[in-house]
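Written out as structure tokens, the structure reads:
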């Protein structure tokens with residue numbers, strides 16, 4: 002049994018440092034420490050308030066003297082055993098640190114912040130102590146303010162280097178530095194309005210109406226409140242949210258303020274849940290069609306034998322209804338369900354469908370939610386004793402880190418999507434693969450669903466590693482869309498192009514608008530124009546921090562780097578030759594949106610891309626407007642391809658298939674097929690056969706033919722042959738090493754040395770070093786080295802060898818500032 006005087010804890014700090022750090026617990030803290038709780042510990046000269054206890058033990062470190070634990074923040078653990086197991090697996094498999102996993106796993110609202118306050122000491126006798134000019138300036142400001150935060154102090158003095166000066170003054174006893182905890186989570190409150198009398202008191206009611214004779218807008222608010230109360234079942238429901246009251250009446254806030262001042266109504270604030278959505282009537286579970294029922298039963302049989310099933314169902318086959326049946330089954334067993342989606346845009350439609358069936362048991366978790374809302378979801382899952390806790394979570398990739406305790410099923414919808422992969426920063430995990438491991442840890446099942454499976458998942462299913470269920474019948478026998486080719490080269494030869502639109506696409510759009518039908522246009526590039534160019538000498542404006550051209554954005558009328566965010570004004574003259582002939586080249590979604598009114602002036606056009614959907618409700622607002630037929634033409638990037646279901650879309654236009662097909666990547670053909678097939682699936686989903694126009698200058702391309710014939714299997718077979726020949730997944734594993742340095746010469750030398758060291762072990766299976774498409778980002782030059790590892794070789798041993806070799810290169814004095822990042826299974 003552990004004794005209080007000899008108790009140690011290993012903690013995870015939010016730092017990209019390997020391993021854990023050991024501290025000792027005092028007798029006061031000994032009874033409180035437990036794995037999964039958050040603590041305050043001193044690390045160097047800074048306090049980290051979000052350290053998490055990983056292990057409690059009695060093994061005193063021999064190499065160094067431990068520091069004391071300062072405070073235990075939680076009464077109960079906020080991280081459970083399943084989460085720690087997942088963290089360990091992600092850190093090991095994706096070659097990152099536990100600190101990096103921890104930073105990604107917890108919502109920011111659960112990471113306490115250190116709010117440093119500087120306090121002036123009035124007893125300080127400055128006559129006996131010499132002060133520098135900087136110290137005297139700081140002290141003068143402190144005399145006036147007495148207490149200041151470090152940021153405020155920096156702002157008032159105009160100095161960025163206040164921390165070392167503050168440390169010096171603290172040593173001279175002129176000031177003290179006090180650390181205070183600031184919990185980022187605050188409960189949400191809402192203002193409610195209620196009558197200050199009973200509406201059944203006729204005498205009082207008459208007095209009030211007499212008092213408001215000359216205030217018709219106040220009378221309107223009063224009458225609305227009285228009518229509201231008459232329809233309520235109890236007193237608690239007589240409260241009216243202030244914002245709802247103002248929205249339902251025409252007077253605005255001034256008349257309401259007048260009623261409050263006269264004592265006719267009362268205003269009060271109440272704490273509310275951020276997670277309550279609009280009331281939903283239980284819509285019940287729809288019956289399955291014979292094809293859906295067969296697929297559902299096949300999945301059940303597979304789950305008796307295997308952990309993972311792949312549901313390959315064509316667009317509009319009704320996969321969601323099968324998911325709902327499986328969710329119901331798990332809830333009846335008392336289990337939890339995680340429903341993963343690749344894109345926030347999809348949650349808007351799916352959440353309404355799931356809440357209509359499962360009501361308040363459904364919670365939503367994604368990055369567009371404020372931290373406070375994510376904390377509430379997290380805490381409700383953590384405390385499963387709550388009667389109103391969530392049992393179904395609908396979320397994006399970060400949802401795998403939630404504190405599930407009784408997980409029965411994980412659904413990974415649109416499993417092929419590359420947005421399940423985290424790119425930067427570490428951990429660079431793939432949520433689909435991590436979800437499969439998470440389910441295994443819980444003894445749960447995983448269902449992968451898609452109309453266009455990834456090559457790796459379909460290969461695993463064909464080999465028997467996963468179960469395979471194929472649903473090739475559309476719901477209610479809806480027809481597949483008619484897919485036509487708009488030949489760009491042919492149209493250009495005949496001078497029939499209208500800007501970026503072939504005659505076929507223009508005519509199809511006109512016909513759809515005449516029939517009051519809707520249109521989706523897909524262009525996988527945001528912005529107005531990919532770049533600007535001088536017609537005289539060919540000069541192109543580039544980012545000064547990255548090796549990439551600046552993209553022109555018309556709505557802000559400036560040039561923006563999509564890699565670091567740098568922006569610049571529009572050049573009036575070419576800095577190279579002085580010419581004024583600077584024009585835009587290429588086109589993005591913004592330019593498409595801008596040019597459609599030239600050909601279709603009556604059409605109502607809206608754009609859905611990263612630029613137009615930065616706010617929390619932007620996705621939902623655009624989708625809702627499109628569903629309500631307030632938008633005729635929706636222009637978007639790949640967001641519009643992901644599982645959205647619109648009744649009235651009859652035409653889908655893919656404006657430039659060539660950009661996707663010609664991308665220099667071994668997955669380019671697979672992704673092109675997936676994107677075109679998914680976008681095509683948005684057409685003619687319910688009422689009639691839709692029409693898809695693919696604009697390309699390569700109408701004979703094999704992938705274009707596969708899309709035309711809806712032939713996934715031929716694409717899969719051709720890709721398998723190529724990947725086997727050239728040693729790519731699914732036959733080999735890939736590990737990409739990204740090297741970064743501010744000096745190109747040092748980077749080149751380091752990358753060459755790393756390649757030579759790696760080749761001693763991995764031979765010809767080392768590719769590179771090579772420049773990525775963008776060779777410099779934020780003033781760091783970049784190089785890639787890729788290692789191919791045979792499937793039969795131990796991935797753990799191979800990764801350990803790679804780590805040792807890179808560490809050996811970094812140990813060289815001239816490569817100390819070399820940054821190394823690992824990307825396992827890169828996309």
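Numbering (this note's numbering), first residue to last: 2 to 828.
Here a beta-carbon is modelled for each residue, glycine too, at the ideal position from N, C-alpha and C.
Every value quoted in this text rests on a predicted model; they were computed, and no experiment measured them.
- Taking C-beta atoms under 8 Å as the contact rule, residue 231 and residue 336 fail to qualify, at a distance of about 43 Å.
- Contact between residue 552 and residue 541 does not hold, since their C-beta atoms are separated by about 11 Å, which reaches or exceeds 8 Å.
- Here residue 774 is exposed: its Cβ has fewer than 16 other Cβ atoms, across all protein chains shown, within 10 Å.
- If you compare the alpha carbons of 95, 632, 70 and 59 with that of residue 825, the shortest gap goes to 95.
- Counting the other Cβ atoms within 10 Å of the Cβ of residue 584 gives fewer than 16, which makes it exposed.
- Apart from the 5 residues on each side of it in sequence, residue 545 has no Cβ closer than 6 Å to any other Cβ in its chain.
- Secondary-structure assignment with DSSP links residue 309 through a beta bridge to 447.
- Within its own chain, the residues whose Cβ lies closer than 6 Å to the Cβ of residue 405, once the five positions on either side in sequence are excluded, are 337, listed in chain order.
- For the pair residue 634 and residue 597, the CB atoms are nearer than the 9 Å cut-off.
- Non-local beta-carbon contacts of residue 108 in its own chain, meaning distances under 7 Å to residues more than five positions away in sequence, involve 372, 375, 376 and 379 in chain order.
- Put simply, the stretch 61-70 does not touch the stretch 78-97. Fewer than three CB pairs are less than 8 Å apart.
- Per the Cβ contact rule, the stretch 689-704 is in contact with the stretch 647-667 (3 or more Cβ pairs under 8 Å).
- Below 8 Å, enough C-beta pairs join the stretch 501-520 and the stretch 586-600 to call them touching: three or more.
- Per the Cβ contact rule, the stretch 743-755 is in contact with the stretch 777-786 (3 or more Cβ pairs under 8 Å).
- Listed in chain order, the beta strand (DSSP E) elements of length 3 or more contained wholly in the stretch 62-117 are 68-73.
- The C-beta separation of residue 400 from residue 366 comes to about 5 Å, placing the pair in contact by the 8 Å criterion.
- With a contact defined as Cβ atoms closer than 8 Å, residue 254 and residue 247 qualify at about 6 Å.
- Bounds of the alpha helix (DSSP H) holding residue 504 are 504-515.
- Only exposed fits residue 714, as fewer than 16 other CB atoms lie within 10 angstroms of its CB.
- Going by C-alpha positions, residue 432 is about 40 Å away from residue 517.
- Residue 22 has its alpha-carbon roughly 13 Å from the corresponding atom of residue 98.
- In the three-state scheme derived from DSSP, where H, G and I count as helix and E and B as strand, residue 638 is classed as coil.
- Residue pairing by DSSP puts residue 785 in a beta bridge opposite 739 and 771.
- Exposure of residue 801 is indicated by the presence of fewer than 16 other C-beta atoms within 10 angstroms of its C-beta.
- Under the Cβ criterion (8 Å, minimum of three pairs), the stretch 693-702 counts as touching the stretch 487-503.
- Rounded to whole angstroms, the gap between the alpha carbons of residue 216 and residue 192 is 23 Å.
- Spatial neighbours of residue 550 in its own chain (CB-CB distance under 6 Å, excluding positions within 5 residues in sequence) are listed in chain order as 532, 541 and 543.
- In this chain, residue 519 is not harboured by any alpha helix (DSSP H); it is covered by the beta strand (DSSP E) spanning 519-523.
- Straight-line measurement puts the Cα of residue 677 at about 10 Å from the Cα of residue 484.
- Burial is judged here by how many other beta carbons sit within 10 angstroms of a residue's own beta carbon; residue 666 has fewer than 16 and is exposed.
- Relative to residue 573, the option among 795, 83, 722 and 534 whose CA is nearest is 534.
- In terms of CA proximity to residue 119, 174 leads the group 445, 174, 577 and 351.
- DSSP lists 313 as the bridge partner or partners of residue 471.
- Counted as a single uninterrupted DSSP element, the stretch harbouring residue 559 is not any alpha helix (DSSP H) but the beta strand (DSSP E) occupying residues 559-561.
- Here residue 728 carries a coil assignment [DSSP, helix/strand/coil].
- Straight-line measurement puts the Cα of residue 51 at about 18 Å from the Cα of residue 428.
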